[in-house]
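> Each residue of the sequence shown is one higher than the one before, counting from 3 in the working numbering.
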Amino acid sequence: MNSVLQGLRSFFGAIARFLMHPIFRVLMIVVAVFGLIGTFAVAAYVNALSRDLQSVNVLAEYQPEVTTRVHAGDGRLIAEFASEHRLFVPYEAMPEHLIEAFVSAEDKNFFSHGGIDYFGMVRAMLRNARDMISGAGGNLQGGSTITQQVAKNMLLNDSSQRLDRKIREAILSRRMEEAFTKEEIIELYMNEIYLGGSSYGVASAALNYFNKPLTELSLAEAALLAAMPQRPGDVNPFRNPDRARARRDWVIGRMQANGYISRDEAEAAISEPLVTQERLRGEEYAAATYFVEELRRSLSEEIGEDELRENGLSIRSTLDTRLQLAAQSALREGLETYDRRHGYRGPLAMIELGDGQLDALNAVELPGGYGTREAGLVLSASSSAVRLLLTDGAEIDLAEDDIEFSRTYRREGGGRGLQSGDVILVGVEREEVVPEGSDSSNPAGDEVISEETLTEAANSEAEAETDAEEVEPAFVPVGDARLGQIPEVEGALLALDPHTGRVLAMAGGYSFWRSQFNRTVQAQRQPGSSFKPFVYASALELGDPRTGQAVFTPATQILDAPFVQCDYTREEDQCYAPTNYTSGRFYGMSTMRLGLEMSRNAMTVRLAQDIGMEQVSRFAERVGVYDRLDPYLSMSLGAGEVTVWNMAASYAAFVNGGRQVTPRLFDRVQDREGATIYQMDTRECPGCNEEYTGQAPPILADTREQVIDPITAFQITYMLQGVVERGTAAGIRRQCPRGGPEAALGVGDIPTLCEHTLGGKTGTTNDYMDAWFMGFSPDLVVGIYVGFDEPRSMGNGEAGGSVAAPIFGSFMNEALVDYDPLPFRAPSGVRFMNIDARTGTLPGSNSQVIREAFRRGSEPGFEDSFGSDLDSIFGNGNSGEVSTGVGDIFDGNGDDPVQPGQITPPPQTGPEDFDGEVY
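The structure is reproduced here in structure tokens:
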């Protein structure tokens with residue numbers, strides 16, 4: 003015992019002697035000096051790093067790039083424009099379980115640390131050391147807190163793994179904790195974090211993955227969003243549903259471990275299927291692509307591309323989603339119908355049957371615009387049966403009528419139709435079949451997670467990310483496959499409100515994914531006979547300005563006879579000799595109404611010559627068809643190129659009483675704060691914001707320019723009603739009762755359009771290059787054009803009445819469902835009289851009688867006494883009685899005009915100058 007004590011005394015004595023030795027004191031001084039120098043050096047280094055740091059106060063004025071959203075006129079979201087898809091949501095609007103999920107996944111001590119989690123940093127350092135020793139790859143972990151992530155992403159914009167960046171990040175984090183509350187910091191984080199799929203912030207991600215606002219997210223959905231910040235690409239639920247579900251379950255386990263949810267809540271959340279929903283998908287959105295792109299282009303020119311994509315604008319467009327879907331469907335159906343009349347053009351490709359045929363089939367690239375159709379491989383083919391292999395390995399037969407259609411294809415080496423090895427485009431109807439052993443109440447096919455799995459998820463993220471077998475539902479083909487073919491011909495359809503110019507539907511081609519060229523606004527084509535109403539209107543305006551008496555009326559007779567105009571001033575004589583649709587046929591003296599209804603070319607040119615092409619040009623320029631129209635007679639037959647956009651706007655003036663409207667794509671644009679920055683209707687509205695107490699609605703001033711005399715506009719509208727009732731577009735009403743819209747009221751099982759008053763004009767250019775139909779009802783104007791992008795003949799007989807008019811009928815039959823049947827609105831000064839349909843005079847005992855609209859004082863029976871000082875009577879016909887007649891037809895003979903048959907005939911309609919027994 004004494005020896006031990008003596009040893010201890012000797013040991014401590016030696017230490018005491020060393021500490022008192024001068025060498026130790028010198029050593030201590032050296033250490034202190036170097037420590038002081040090191041402290042100053044570190045302080046200077048940190049000070050240097052912090053000297054040029056951005057002030058955290060800029061976060062107080064945080065204005066992130068926010069998604070611009072476009073809504074249709076009915077309020078439906080149809081598009082978003084953004085560089086970064088983000089919707090800003092304040093902290094107060096975020097569900098508590100969403101915040102808890104992110105805190106559990108990213109920074110469990112967020113609400114208790116001061117910006118830096120020192121214990122987390124130690125854990126990260128130990129994990130990094132372990133990974134380096136074991137040779138594991140991957141990025142080094144720094145134990146960043148949510149505050150540090152905000153500093154890195156919003157103030158540093160630096161993701162490098164360097165010491166100086168981590169020091170700057172720590173400095174900014176401390177400053178942020180002093181300047182902002184925890185709620186403000188996590189609000190910044192939740193709105194800025196990137197969560198994959200072009201989604202910035204939790205609100206955008208909730209819409210992107212679940213098509214839900216934050217307030218409707220379930221616990222499991224919130225956990226999935228919280229699982230994404232570290233590896234958004236790896237856990238994208240669209241591409242990697244297994245990893246996404248595993249990572250989601252790990253977050254749920256961490257929420258339970260942190261005490262935010264109970265075990266029962268965790269089990270329920272983990273057993274919830276992983277169900278995602280793509281937004282802005284579906285036929286309504288696909289149909290609106292041409293409209294959306296034209297709106298984007300228009301607004302980019304108006305306010306700039308950056309402003310449009312970054313400033314979170316709210317755009318209320320004019321689009322009617324129901325009409326837009328009807329427009330795109332009608333146009334596609336019409337183009338396909340035309341295309342089918344001209345035969346099958348052959349398979350997409352040919353592949354060798356045998357091993358690898360299914361892989362080869364799946365490798366075939368489908369043409370743009372294929373839609374929901376898919377590739378099919380012909381396994382066997384005969385004149386009566388064709389067996390197909392689909393891309394999923396299923397087999398199916400081709401429909402019998404499509405086999406017959408395929409035989410119109412003549413192969414280069416001889417033979418007709420399909421043969422083994424052909425790859426064709428087919429439409430297949432499929433139905434879902436739930437595999438045996440899966441739960442039909444679990445539509446995503448997710449494995450139900452057990453209690454043991456829950457415990458593993460809570461304890462180990464890595465173990466939770468094991469691949470799970472998933473039972474996928476099958477979609478098996480039913481019925482027969484339908485042979486498809488992408489039309490080579492193209493077209494456009496534009497529908498607008500004639501009173502406001504609001505564009506309600508725009509179909510710029512067969513498919514936006516096939517061609518982004520928007521033919522409603524970009525295609526300049528000859529309108530053909532659809533221009534004729536402007537020639538007739540310019541004549542109806544002529545008269546005596548002092549009395550308002552007109553020279554021409556719808557009953558005025560014009561000679562339909564051969565017409566020749568020659569220019570003898572050239573070295574080689576050039577003569578212009580237009581013919582009617584049926585070459586060599588002329589019909590003598592005919593009323594202007596009959597000439598327009600039957601689209602007589604010779605009559606129109608002779609009328610243009612009589613009144614002077616300068617009058618026609620001035621009229622066309624005034625209403626906006628052309629900016630400048632050369633006064634050549636050929637222009638009276640629509641030889642000048644024009645867009646569907648301009649034609650529809652100009653036809654609107656006929657329908658609305660002669661007022662000019664400018665087509666528009668949006669009603670209002672608001673900034674992110676809700677302030678209106680653009681508004682199309684800028685008229686003052688006194689009393690609009692007053693409380694409603696039963697008073698009459700406010701009356702707004704009509705600021706539209708009057709470009710056509712109201713009576714002239716109605717007379718043209720009324721004449722064009724005859725085009726649909728008994729003229730070149732009579733096929734539109736082929737399934738309707740005789741006697742016009744009135745006869746269809748209350749009749750069941752007939753097309754919707756039968757009850758509505760319609761008007762319009764067909765148009766066909768030389769060699770059937772272009773087919774037009776400009777049609778309308780009292781509250782809807784529709785312009786349709788069909789033709790090849792590189793102009794060539796569409797084939798003999800493919801005129802406006804057989805190609806474009808059926809598209810109008812198909813569209814209007816859907817569009818008019820929500821419109822009330824109304825007659826065209828007649829202005830004051832119009833007088834209706836019964837006249838002889840052939841001569842335009844007062845009817846006799848044997849006359850075929852129709853009801854015609856006249857300018858008061860210009861009816862048959864009045865004396866005509868015009869001098870040489872004739873001019874436009876535009877604006878002088880607004881007095882007199884008001885009539886609401888709609889042109890009843892009396893003593894009609896009942897035969898619709900028909901077109902001569904063809905080998906592959908289009909729908910039977912009247913040719914553009916047919917003169918059968920039409921009255």
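Positions of the beta carbon are idealized from the N, C-alpha and C atoms, including for glycine. Nothing here was measured: the structure is a model prediction, and the numbers come from that model.
Name the two residues that bound the continuous alpha helix (DSSP H) containing Arg740.
Neither: Arg740 is in no alpha helix (DSSP H) and is coded neither H nor E.
> Spell out a yes or no on whether the segment 615 to 632 and the segment 593 to 604 are touching, meaning 3 or more CB-CB pairs, one atom from each, closer than 8 Å.
Flag = no, the segment 615 to 632 and the segment 593 to 604 do not touch.
> Under a three-way DSSP split, which group does Ala95 fall into?
Helix, per DSSP.
> Where does Val848 sit, in a helix, a strand or coil, going by DSSP?
Looking at the sequence shown, residue 848 is not Val but Asn. Correct three-state label for Asn848: coil.
> Are the beta-carbon atoms belonging to Ala563 and Phe588 less than 7 Å from one another?
In contact: Ala563 and Phe588 (Cβ atoms closer than 7 Å).
> Would you grab the beta carbon distance between Ala246 and Pro239 for me? Rounded to a whole angstrom, and I think it's under 8 Å.
The pair is a contact, with the Cβ atoms about 4 Å apart (cut-off 8 Å).
> If you check the beta carbons only, do Ala651 and Pro665 fall under 7 Å apart?
The answer is yes: Cβ separation under 7 Å.
> Tell me the DSSP secondary structure of Gln901 in three-state form.
With a pLDDT of only 28 at Gln901, under 50, the local geometry of the prediction cannot be trusted, and the value read off the model is given with reservation. DSSP places Gln901 in coil when its eight states are reduced to three.
> Per DSSP, His344 is paired with what?
Bridge partners of His344: none, in fact.
> Does Val478 pass the burial test, meaning 16 or more other C-beta atoms within 10 Å, or should it be called exposed?
The residue in question, Val478, is exposed, as its Cβ has fewer than 16 Cβ neighbours within 10 Å.
> Suppose you measure from the CA of Arg256 to the CA of Arg78; what does that come to, to the nearest Å?
The alpha-carbon atoms of Arg256 and Arg78 are separated by roughly 38 Å.
> Give the C-beta separation of Thr678 and Asn313 to the nearest angstrom, bearing in mind that I take them to be a contact with Cβ-Cβ under 8 Å.
Not a contact, Cβ separation roughly 14 Å.
> Which residue or residues does DSSP assign as beta-bridge partners of Glu434?
According to DSSP, Glu434 bridges with Phe477.
> Going by C-alpha to C-alpha distance, which of Ala207, Gly748, Arg706 and Ala801 sits closest to Thr584?
When each option's Cα is compared against that of Thr584, the closest is Ala801.
> Check Trp252 in the structure and name its three-state DSSP category.
In the structure shown, Trp252 sits in a helix (DSSP, three-state: H, G or I).
> Residues bridged to Asn313 by DSSP?
Partner(s): Val68.
> To which residues does DSSP link Asp791 through a beta bridge?
In DSSP, Asp791 forms no bridge with anything.
> What span of residues does the alpha helix (DSSP H) with Thr149 cover, start to end?
First-last of the alpha helix (DSSP H) with Thr149: Ile148 to Val152.
> Closest by CA to Leu667, which one among Thr522, Glu861 and Arg853?
Out of Thr522, Glu861 and Arg853, Thr522 has the C-alpha closest to the C-alpha of Leu667.
> Please list the terminal residues of the continuous beta strand (DSSP E) segment that includes Asn836.
Counting along the chain, the beta strand (DSSP E) containing Asn836 begins and ends at Val832 to Asp838.
> For my contact list, Gln672 and Val709 are in at a C-beta cut-off of 8 Å; report their separation, rounded to the angstrom.
In fact, because the Cβ distance is near 32 Å, the residues do not count as touching under 8 Å.
> Can you look up Phe212 in the DSSP assignment and give me helix, strand or coil?
Three-state result, Phe212: helix.
> Consult DSSP for Ile679 and reduce its assignment to one of helix, strand or coil.
Ile679 falls in the strand class under three-state DSSP.
> Is it buried or exposed, Thr766, if we count other Cβ atoms within 10 angstroms and call 16 or more buried?
Classification for Thr766: buried.
> What separation, rounded to the nearest whole angstrom, lies between the Cα atoms of Ser85 and Gln150?
Those two C-alpha atoms are separated by around 25 Å.
> Can you look up Asp244 in the DSSP assignment and give me helix, strand or coil?
Residue state, collapsed to three classes: helix.
> Alpha carbon to alpha carbon, how far is Arg298 from Asn213?
Their backbone Cα atoms lie some 23 Å apart in a straight line.
> Which of helix, strand or coil does DSSP assign to Val60?
Reduced to three states, the DSSP call for Val60 is helix.
> When you compare only the Cα positions, how much space is there between Gln258 and Asn111?
Straight-line Cα distance between these residues: approximately 15 Å.
> With H, G and I counted as helix, E and B as strand and the rest as coil, what does DSSP make of Cys568?
Three-state DSSP puts Cys568 in a strand.
> Looking at Arg595: is its Cβ nearer than 7 Å to the Cβ of Met721?
Going by C-beta atoms, Arg595 is nearer than 7 Å to Met721.
> If Leu485 sits next to Val428, beta carbons under 8 Å apart, how far is it from one beta carbon to the other, in whole angstroms?
The Cβ separation is near 6 Å, so the contact holds.
> Can you give me the Cβ contacts of Ala81 inside the same chain, cut-off strictly under 6 Å, excluding the 5 residues immediately before and after it?
Answer for Ala81: Val72 and Val294, listed in chain order.
> Compute the distance between the beta-carbons of Gly75 and Leu226, then report whether it is under 7 Å.
Contact flag unset, no.
> For Arg516 and Gly371, I'd like the C-alpha separation in whole angstroms.
Straight-line Cα distance between these residues: approximately 5 Å.
> Hey, would you say Leu100 sits closer than 7 Å to Ala207, going by beta carbons?
Not a contact, by the Cβ cut-off of 7 Å.
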